[in-house]
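Positions 1 to 235 (full-length UniProt numbering) are the ones given, in order, by the sequence shown. Notes follow the structure.
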Amino acid sequence: MASETKVIHVPREWPSPTFGERLCQLYKAARLRALKEDPQAFLSTYDRESKFNDATWVQRLRNPLSNTFVAIRTEADSAEISEIEHVSQNEWLGMIVLLGPKALPADGSESQTLWNPFLQPASHTEAADPLSIVDSEAAYIAVSMFVLPEARRQGVGRKLIETSVEAARVEANSMRASRANIGLWVEAENVSAQKLYEACGFRFLSDDPALIAAHGVMTAQVLMGRLVELLPVKG
């Protein structure tokens, strides 16, 4: 039977504790496998995260500042199954997490250093005041991007990126931001990933000393960003 790949937004609110436990197990399995098989692609390590307790995985998935998107493979004729069932019943083949939004000046003066609002540890879990986003540039950081080896070269990475970009566009538009700005970092030697991001509209940014100092992003990583223009909000 034919199958298809879907990218689904993982809900932060769960219908039952059992459902939440299942999501966390899927998240943990995919994340730890990615850290183990491609350690050079992440700032964190398998040794560190394999020691996390269940509460930490729950906290990550329910972080009010994060939106988690996962790629799953489903049967083509499974339209009657809801997304919430899909995401809890299928292996996560890939993932991208979008942190944000945070407010930047609308004049673009900080567009090249969009990381600044995220540099304090508490800023990773504290949602911005919605009023601060109005008429400002809405900054997002894309993190935890991976595609498992068996799902690579099948367009999964592009689907994850494009879905997260569109989600940022919709959210920033609904919050009446002037535009959205999405930043990320990628391993300097991972040319194929850099080309994928370029194909999805990302451009290279200059090194940011503040980011290196705060998060240990070394020269082995390159910074990339994409400005996302928004449609005028009616009414």
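By construction, the Cβ of each residue, glycine as well, lies at the ideal position given by its N, Cα and C atoms. This structure is a prediction, so every number in the text was calculated from the model and none was measured.
Residue closest to residue i, alpha-carbon to alpha-carbon, out of the options
i: P17; options: V58, S132 and G100; result: V58
i: A30; options: Q154, V170, Y46 and N173; result: Y46
i: S82; options: F42, P11, L196 and Q25; result: P11
i: A142; options: R22, L231, G225 and D107; result: G225
i: V191; options: N173, V170 and L223; result: L223
N- and C-terminal bounds of the beta strand (DSSP E) containing residue i
i: K6; result: S3 to H9
i: L104; result: G94 to L104
i: L227; result: Q221 to E229
i: R73; result: S66 to E75
Under 9 angstroms between C-beta atoms of residue i and residue j
i: E137; j: S164; result: no
i: H9; j: N67; result: yes
i: L114; j: L104; result: yes
i: P146; j: A34; result: Checking the displayed sequence, the identity of residue 146 turns out to be Phe instead of Pro. Yes, these two residues count as a Cβ contact at 9 angstroms.
i: S144; j: M95; result: yes
i: L65; j: G20; result: no
i: L26; j: S50; result: no
i: R153; j: A199; result: no
i: E189; j: Q40; result: yes
i: P101; j: E171; result: yes
Simplified DSSP assignment, three categories, for residue i
i: A168; result: helix
i: W185; result: strand
i: S50; result: coil
i: V147; result: strand
i: L196; result: helix
i: F118; result: helix
i: W57; result: helix
i: I81; result: coil
i: W14; result: coil
i: A41; result: helix
i: S109; result: coil
i: T163; result: helix
i: Q89; result: helix
i: R158; result: helix
i: N63; result: coil
One or two residues paired with residue i in a DSSP bridge
i: residue 238; result: Residue numbering for the chain in the displayed model covers 1 to 235; residue 238 lies beyond these limits and cannot be assessed.
i: R203; result: G225
Delimiting residues of the alpha helix (DSSP H) encompassing residue i
i: T18; result: P17 to E37
i: I133; result: P130 to I133
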